[in-house]
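Under my numbering, think of the first position of the sequence shown as 178, with each following residue one higher. No residue lacks a Cβ here, since even glycine has one placed at the ideal position from N, Cα and C. Just so we're clear, the structure is a prediction, and the values are computed from it rather than from any experiment. Each remark here refers to the structure printed beneath this line.
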Amino acid sequence: MERSRAAHSVGLAGRYNSAAYEETPSKSPSSISPAHVVVEADPYLVEFEVGDPANPHNWSRVKRWYLTLLGGILVLNATFASSVPSGSVPQIMEEFGFGQEVGALTISMFVAGYVVGPILWGPLSEELGRRPVFIISFTFYTGFSVGCALSRNTASIIIFRLLSGIFAAAPFSNSGALVGDIWDGATRAKGMTIFAIAPFAGPSLGPLVSGWLAYAGVSWRWTFWIAAIFALICLLLSVCTLPETYAPVILKKKAQLKLQETGDVRYCAKLEVQKAPLQQRIGRVLGTPFKILFQEPVLIAITAYMSFIFGNVYLVFSSYPIVFTQGHGLNSGVSGMMYLPIPVGGIIGCVVYLTYYNPRYSRAAQELSPAPVPPEKRLEMSLIAGPIFAAFFFIFGFTSYPSINFWVPLVSGVLIGVGNLLISLSFINYIVDMYKLYAASALAANTVVRSIFAAVFPLFGHQMYSSLNPRWASLLLGCFAMLLVPIPFLLVKYGPALRARSRFAPEASTYVPSVSPEKECV
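In structure tokens form, the structure reads like this:
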């Protein structure tokens, strides 16, 4: 029976794979694409029916919003765990006898795991489904977090932190994919906006918890026990409440059920027939993201900007203690609370995006229909957010004197939160709109590079702020941020021409020009 079914799958694969697995994009008129291939409907190819309750898009709004929230919590868990040792680093340094640079590795090595995670977990979820990957990754992540809590030497805690980061990184690729699985294009933006707060709200909450634990005299090991307990709760939620959301895997199970009911081996799903050889799939997964990155000036510019932003989210773990703990004499618990304006700024940015930008984009989509909205429309908020993000460094730096009330540099953290969220959402949506079929690979390359920046920045942050002092160090970073501000303006102006020359973007002629974002944002 399996042999007959395999033979039928091979026959179907010959009809579908030529379109579905085109490796090299081409702009020539003669190129073959899925839009140009007409395939006769196969009665044995299992697909969703109209109103099919198995289709995630047909699930109730309550269920889909719960899953969106769960996806955000999983990301929050991973980012919270990345920074949770920050308040306990002095205790760990004292017990194990290492210096500040090695202490920074307790954060950097965890974030370094984010480099491997997107490349590993994203493709695996497309083979096994979202649910198994979440459960497998969080099982090991919980175990390695326990290993951190029980570590008896420097090497073990650093190794366990790296392994924890690799397995905790699964939500970075799969939670966003989960949101895409359950919402259609018209409503996906709202889910993604709320979901986008988690990646930098978590790093701000970690120091708050560990700071108060350190102030209370609790052992540093409890910071990792709390991370392990949080991971275990998320694991149980995933096991008990997270269904499979990836449509191809759902259809594969549906085809297997059909086979059991009828005994007809010809029933199968596209996931079973649209598979390139394993070696080709591995090469595509590992090679395509960097192929796009190195050949696309647009992606290089966006990745440089986002990497600088993401690196600075983790750099504040070095700068804030120098300003608030050493400069203002605040205890570790109160110092941990200094990070709270950052997620507050993210929430403000989220509200602005939903109430101001989203309606404008919806109107543009209606006006230009049936033509798609140019990707440059997605950059509107980044034009404003860039100067806001840069302003944080100048305000924070020049109000960091001990003689100035700590509330002034504290409130400036709102700016980094607002700027981070609006810039990140603008660029992520721009990448998705520009690269379409190759968006996942482009985002994977972007995630890997910015994770490297996030892992490296804490390693030199303490020395930079100690040697230069907070004023000059912040001035230096502010000048770098100002140098990056023109990037979205240049993309608005030259984006259509760059897209026309891109080997990975759709033809620029498919878009109808709209009003310039520079004029609309005034």
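Contacts around residue i, its chain only, beta-carbon distance under 6 Å, and the 5 residues preceding and following it disregarded
i, result
"Ser509", "Gly264, Gly388, Ala391, Tyr392"
"Val475", "Leu675"
"Glu606", "Inspection of the sequence shows that residue 606 is occupied by Asn rather than by Glu. Excluding positions up to five away in sequence, the list reads Arg555."
"Trp399", "Leu390"
Residue nearest to residue i in terms of C-alpha spacing, selected from the options
i, options, result
"Ile593", "Ala632, Ile486, Ala231, Trp236", "Ile486"
"Pro564", "Tyr482, Met286, Phe471, Leu340", "Tyr482"
"Val669", "Val493, Cys656, Ile479, Gly526", "Ile479"
"Leu222", "Val395, Lys429, Met270, Ala255", "Lys429"
"Asn489", "Val625, Phe401, Ala658", "Ala658"
"Leu282", "Gly294, Ile335, Tyr607, Pro267", "Ile335"
"Arg308", "Cys325, Trp397, Val239, Thr418", "Thr418"
"Ala345", "Arg540, Val521, Cys411", "Cys411"
"Gly655", "Tyr578, Ala568, Gly280", "Ala568"
"Val356", "Gly324, Val293, Glu421", "Glu421"
"Arg555", "Trp402, Tyr538, Ile269, Ser237", "Tyr538"
"Gly342", "Phe401, Gly294, Ile312, Ile313", "Gly294"
"Val609", "Leu620, His234, Ile600", "Leu620"
"Leu661", "Leu545, Ile561, Ala231", "Ile561"
"Asn235", "Ile525, Ile359, Asn623", "Ile359"
"Met611", "Asn623, Val292, Ala650, Pro552", "Pro552"
"Phe321", "Trp402, Asn623, Trp397", "Trp402"
"Trp397", "Val323, Gly228, Thr439", "Val323"
"Ala434", "Arg540, Ala231, Ala677, Ala326", "Correcting the residue type first, residue 434 is Leu in the shown sequence and not Ala. Nearest C-alpha to Leu434: Ala231."
Same chain, Cβ closer than 8 Å to residue i, five either side skipped, listed in chain order
i, result
"Thr465", "Tyr615, Ser618"
"Val310", "Trp298, Leu301, Ser302, Ala347, Asn351"
"Ile525", "Val591, Gly594, Val595"
Same chain, Cβ closer than 7 Å to residue i, five either side skipped, listed in chain order
i, result
"Ile519", "Phe377, Ser381, Gly590, Ile593, Gly594"
"Ala542", "Val550"
"Val521", "Val591, Gly594"
"Pro202", "With a pLDDT of 44 at Pro202, under the threshold of 50, the modelled position of this residue cannot be trusted; read the value that follows with caution. Answer for Pro202: Arg680, Phe681, listed in chain order."
"Pro384", "Ser260, Ser263, Gly264, Phe494, Gly513, Tyr516"
"Leu246", "none"
"Asp361", "His234"
"Ala326", "Arg398, Phe401, Trp402, Ala405"
Residue i classed as buried or exposed, judged by whether at least 16 other C-beta atoms fall within 10 angstroms
i, result
"Arg627", "buried"
"Asn582", "exposed"
"Leu244", "buried"
"Glu278", "exposed"
"Arg241", "buried"
"Leu599", "buried"
"Leu667", "exposed"
"Glu271", "exposed"
"Gln437", "exposed"
"Ser314", "buried"
"Gln268", "buried"
"Ser651", "buried"
"Ser546", "exposed"
"Pro586", "buried"
"Gly353", "buried"
"Thr439", "exposed"
"Ser496", "buried"
"Leu413", "exposed"
Check whether residue i and residue j have beta carbons under 7 Å apart
i, j, result
"Ala404", "Tyr491", "no"
"Ser259", "Phe287", "yes"
"Phe501", "Ser484", "no"
"Pro673", "Ser559", "no"
"Tyr530", "Leu602", "yes"
"Ser302", "Asn351", "yes"
"Phe257", "Gly379", "yes"
"Val426", "Gly306", "yes"
"Ala408", "Thr319", "yes"
"Val266", "Gly280", "yes"
"Phe700", "Thr316", "What the structure shows of the chain is the stretch from 178 to 699, and residue 700 is not part of that stretch, so it cannot be assessed."
"Ala375", "Val239", "no"
"Ile499", "Tyr642", "yes"
"Arg648", "Gly596", "no"
"Pro579", "His505", "yes"
"Ser285", "Leu636", "yes"
"Phe349", "Gly249", "no"
Any chain C beta carbon closer than 7 Å to residue i
i, result
"Leu531", "Among the chains in the structure shown there is no chain C, since it carries only a single protein chain."
Cβ-heavy atom distance, residue i to the ligand COA, below 6 Å
i, result
"Phe471", "Although the ligand COA was asked about, the structure shown includes no ligands whatsoever."
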